Structure formats: C-alpha cells, structure tokens
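Asks: Before I ask anything, here is the structure I am working with.
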Amino acid sequence: MAQTKKKLNRENEGLHAPLTCRPPTYFRVLRNGLFLGVGAAMAMVLYTVYWFYIATNLKTGVSNWVNERAKQGIHASYKKIEISGFPGDFRVRLRQPKMRTAELTSDTSGDRWNWSATTAVAAMTPWNFAKFKIDLSGNHQFSLASETGRRNYTGSAKKMIIHAVLGSDGLPREATLNIEGLDLTDGRTRAKIATKSAVINVRHLSSGKDTDSDVSLKDKEKSPSFAAEAMFADVRIPKYMNLPLGHRISQLVMELKIIGSVPELKTLEDLQQWRDDGGTVEFDILEIKYGPLYMRANGTLALDEAMQPMGAITAKIKGFFATIDALRGARLIRSSDAAMAKMVLGALSKRSPGGGQPTISLPLSVQNSQLQAGLVSMMKIPPIDWPALGLAPARREQFKILR
65 MAQTKKKLNR ENEGLHAPLT CRPPTYFRVL RNGLFLGVGA AMAMVLYTVY
115 WFYIATNLKT GVSNWVNERA KQGIHASYKK IEISGFPGDF RVRLRQPKMR
165 TAELTSDTSG DRWNWSATTA VAAMTPWNFA KFKIDLSGNH QFSLASETGR
215 RNYTGSAKKM IIHAVLGSDG LPREATLNIE GLDLTDGRTR AKIATKSAVI
265 NVRHLSSGKD TDSDVSLKDK EKSPSFAAEA MFADVRIPKY MNLPLGHRIS
315 QLVMELKIIG SVPELKTLED LQQWRDDGGT VEFDILEIKY GPLYMRANGT
365 LALDEAMQPM GAITAKIKGF FATIDALRGA RLIRSSDAAM AKMVLGALSK
415 RSPGGGQPTI SLPLSVQNSQ LQAGLVSMMK IPPIDWPALG LAPARREQFK
465 ILR
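Start counting the sequence shown at 65; every next residue gets the next number (our numbering).
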C-alpha cells in the first residue's frame, strides 16, 4: 500500500498544479447559469423577431385573401386591421369588416347579398396556422336580394365563434360554428329570426374528383363530399312564413352527408348540375321538436326535375293527432283526409307503457310536392323559392343590333 502511494506521488510530481485543480462549485454554477441565460436571451430575441415578422406577413396575407376573394366575385373590405397578442397567440382584429357579392340582381339595382359587422377577431398560435378561431360576436347587418325583393336584417349575437382547420391545399377541411343569443330583425316587416343556441359542424371528406385514379367515376359520384352535424335550440321563425305548427322550434338536430361533388353555388344551374350528377343528401339523424310534433327520422332526399325536394325517410313520430288538427286548421289538408289520416295512424300507433303519447313508426315520402305517410296523403309541401334564397337562374346576356 505504501509503495502504491509513493508511486502515485512520483507520477504527480511532474504535473503543474493549475492543471489538476478544479474550479469552485459556485463558479461552475455561475458559468452554467450564464450560458443558459445567454441562450435564453438569444431564443427570446429570435422568437421576438419571428413573432413580429409573422405579424407583418399576416397583414399582407389578409390583403392577399381579399384579392383572391375578389377574383371569385366576392368583395371584402375593412376599415382598419390591428395585430396584437405578443408574446402569445396572434390576434388579428378587423374593424368594420364587410363582404358583398359582385353579382348584381336581375334588375341590376344592387348587390345580391352583403354583410357587415362591428368587428371580427381571428386568433391562432404562432406554431400552428392551420387551426384558427374567428370571433364574430356583436352586431351584424345582412341584406339578401331576390326576385321577390330585398330583405335587410339587423341584430346581434352574444356569441358567434368559428373554429376552422385548413387542409394542405389551404382550404378549410373542417369548420365549427358556435352561436348563442342570435337575434335578427327584418327591417321591412320587423319579424324576428332568433335562436338561443346553435352548433354547426361541417367536414370536407372528398371532392369526388380528387380521389385516387383507380376509383371509378361512378364510385366518386356516390361518395360523400361533405358531412355535417347541426343542433339548434329554441329557434324563432318569422310570422310572415305562416307555418301551421307555430313559429318556435324547440329543438332541431341533424346529422347528414352530401353525396356527390358540390360545385360553387352561384346560380340555379349549379345546383341542377349537382342534381344531374346524382347528388343527394343522406340523413343519418333528423330530429325535431316543433309545436305538438316530435319526429326522429333517417333517409335520403334529392331534387326532382322541378328542383323541389323528393325522397323517402323512416320516421318515429309522436303528437301526430295534434299535428293533423293543426294542418287541417291551416287548410293544408282537407277534413276528410285528416279523418282518414287519424284513423290509419291511430290504428298503427303504439302507446308507451307509462301511458304517454302514442308513437308510430312509418315510412314518409315526398314526391311531386306531396308528403305521404305510408299510403295516406298528408299535405302539399310549399315549393322552395330558390331565387329568394339567392340562387337565381343564370342571366342570359341580350345584345341589341343597332341599325
């Protein structure tokens, strides 16, 4: 043991002392802390440069988006743009945003539709621009022109927020709209359109055209292009619509898929093209509580040659006796048809064990604007006024020959 120590001492005799000493612990901690501090400071400087660089580009991006919409026939504008949120999420605030279509009404008296709001705020994280949120809560103005005239709506929403996810092509792949306390007033009739709450989700599944090349065209036409779910609570409908079951829908729930490639809907011909290509709407769930009526159904709807709905669904219905009375009171069905419907539906209905309202499950069909329950004709369905919804036939340019 003593010899080993002597050997080590002889080996260390030739080493310089500074080479063998270690710095004090506090110095090592100070050095490491200094390195970390410098690194953190550099990271903060780089992040700050990155954040404000992106913020500047966001303003340019909004301007480019406005220009792209103009090419599609939609004019967008705003009074002022503000970007805030550093060092967190980007918040892009547009003061007095406006949108209008470049397409004029048939008499060229004005835009077919326009919209404006007090403010719009978009928010996104600095590391994921594919997901963003748009807050449209506040005051709104909306104007829609049709062949029957122009309607102007003003009102507000306590909450109106859109969550969206962009795909690799820059287009929305999914969007969810959350609404609370929406209240709009028709400027001409003072009629109210309102809902206590609503949630609408739309997902883009495929275009029917951008799928794999080995898929046949027939299969593409049958594939769903969009899926949607919607839930509305306490919806108030304008009284001028003269609906037989009242002007309040307690609940409306829908889950559906749109079959076939959906074109950009500018004219009625665009909708006709979708129909001619085999476009349909498949309802997985259609549930409604409206006046005395409760219905839960599923089925398929399409458009006939007159561009009116047609299809077949299977429904579970409660409150059909009171519903038939309301339809008869509104003179939508004759008294004899009402009596026949009550007799047939009453015979097919079942009472719940608890003694509640009778329930019936039966097929419903819509054809030639007639609603049928089994073999019983229930009522004539009012036609859809597509021009009133902003889908007018394409205008044919007329040229005068000057002599």
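Virtual Cβ for every residue (Gly too), placed ideally from N, Cα, C. None of the values given here were measured: they were computed from a predicted structure.
For Asn178, which three-state DSSP category applies?
Replies: Strand.
Asks: With distances taken between CB atoms, is the gap from Asn203 to Arg252 smaller than 8 Å?
Replies: No.
Asks: As a quick exercise: from Ala209, Ser148, Ala184, pick the residue whose alpha carbon is nearest that of Gln160.
Replies: The residue with the shortest Cα to Cα distance from Gln160 is Ala184.
Asks: Return helix, strand or coil for Thr387, following the three-state DSSP convention.
Replies: Reduced to three states, the DSSP call for Thr387 is helix.
Asks: For Pro447, collect the residues of the same chain with a Cβ closer than 7 Å to its Cβ; drop the 5 residues on either side in sequence, then sort them by chain order.
Replies: Only Gln372, Ser433 meet the Cβ criterion.
Asks: Please go through the same chain and pick out, in chain order, the residues whose beta-carbon is closer than 6 Å to the beta-carbon of Gln205, but skip the five residues on each side of it.
Replies: If we look at Gln205 and ignore the five residues flanking it on each side, its Cβ neighbours are Ser180, Thr218.
Asks: Are the CB atoms of Ile264 and Ala294 within a distance shorter than 8 Å?
Replies: Yes, the Cβ-Cβ distance between Ala294 and Ile264 is below 8 Å.
Asks: Are at least three pairs of beta-carbons, each pair with one atom in the stretch 353-370 and one in the stretch 395-412, less than 8 Å apart?
Replies: Not touching, per the Cβ criterion.
Asks: Count the other CB atoms within 10 Å of the CB of Ser289; is the residue buried (16 or more) or exposed (fewer)?
Replies: Per the 10 Å Cβ criterion, buried.
Asks: Do you know how far the Cα of Thr165 is from the Cα of Arg339?
Replies: Taking the straight line joining both Cα atoms gives about 24 Å.
Asks: Apart from the five residues on each side of it in sequence, which residues of its chain come closer than 6 Å, Cβ to Cβ, to Val430?
Replies: If we look at Val430 and ignore the five residues flanking it on each side, its Cβ neighbours are Pro373, Met374, Gly375.
Asks: Since I believe Ala390 is in contact with Val440 (beta carbons under 8 Å), could you give me their beta-carbon distance rounded to a whole number of angstroms?
Replies: Going by Cβ atoms, the distance from Val440 to Ala390 rounds to 16 Å, so no, they are not a contact pair.
Asks: Starting from Ala405, follow the beta strand (DSSP E) in both directions and report where the run begins and ends.
Replies: Premise fails: Ala405 lies in the alpha helix (DSSP H), 399-412, not in any beta strand (DSSP E).
Asks: Whole angstroms are fine: how far does the CA of Ile118 sit from the CA of Met108?
Replies: Roughly 15 Å separates the two Cα atoms.
Asks: Tell me where the alpha helix (DSSP H) around Asp340 begins and ends.
Replies: Its alpha helix (DSSP H) spans residues 332-340.
Asks: In the DSSP assignment, find the beta strand (DSSP E) that holds Ala297 and state where it starts and stops.
Replies: 288-300 is the span of the beta strand (DSSP E), which, as asked, contains Ala297.
Asks: In angstroms with no decimal places, state the Cα-to-Cα distance between Leu241 and Gly101.
Replies: Using only the alpha carbons, I get a separation of about 44 Å.
Asks: Take Lys123 as the anchor and find which of Leu158, Leu248, Phe99 has the nearest alpha-carbon.
Replies: Cα-wise, what sits closest to Lys123 is Leu158.
Asks: Name the residue from Asp449, Gly149, Asp153, Arg415 whose alpha carbon lies nearest to the alpha carbon of Lys382.
Replies: Comparing Cα-Cα distances from Lys382 to each of Asp449, Gly149, Asp153, Arg415, the minimum goes to Arg415.
Asks: Looking at the strands, I want to know which residues DSSP matches up with Glu146.
Replies: According to DSSP, which records beta bridges pairwise, Glu146 is partnered with Arg157.
Asks: Starting from the C-beta of Phe296, find all residues in its chain whose C-beta is less than 6 Å away, skip the five residues before and the five after it, and write them out in chain order.
Replies: Taken in chain order, the residues that qualify are Thr259, Ala262, Leu316.
Asks: Just the Cα atoms here: how many angstroms apart are Arg237 and Ile243?
Replies: Roughly 20 Å separates the two Cα atoms.
Asks: Could you give the DSSP three-state label for Thr253: helix, strand or coil?
Replies: DSSP places Thr253 in coil when its eight states are reduced to three.
Asks: The beta strand (DSSP E) with Pro447 in it runs from where to where?
Replies: Segment: none, Pro447 is in no beta strand (DSSP E) and carries neither H nor E.
Asks: Have a look at Asn178, Phe154, Trp177 and flag the residue whose alpha-carbon is nearest the alpha-carbon of Lys195.
Replies: The candidate whose alpha carbon is nearest that of Lys195 is Phe154.
Asks: What did DSSP end up calling Ala134 once you bin it into helix, strand or coil?
Replies: Helix at Ala134.
Asks: Taking only three categories from DSSP, how would you classify Val326?
Replies: Residue state, collapsed to three classes: coil.
Asks: Helix, strand or coil, according to DSSP, for Arg395 in the structure here?
Replies: Coil, per DSSP.
Asks: Give the DSSP-derived three-state secondary structure of Met371 in the structure shown.
Replies: Coil.
Asks: For Ala361 versus Lys321, is the C-beta spacing smaller than 8 Å?
Replies: Cβ atoms of Ala361 and Lys321: not closer than 8 Å.
Asks: Could you give the first and the last residue of the continuous beta strand (DSSP E) run that contains His311?
Replies: Run containing His311: none; DSSP gives neither H nor E here.
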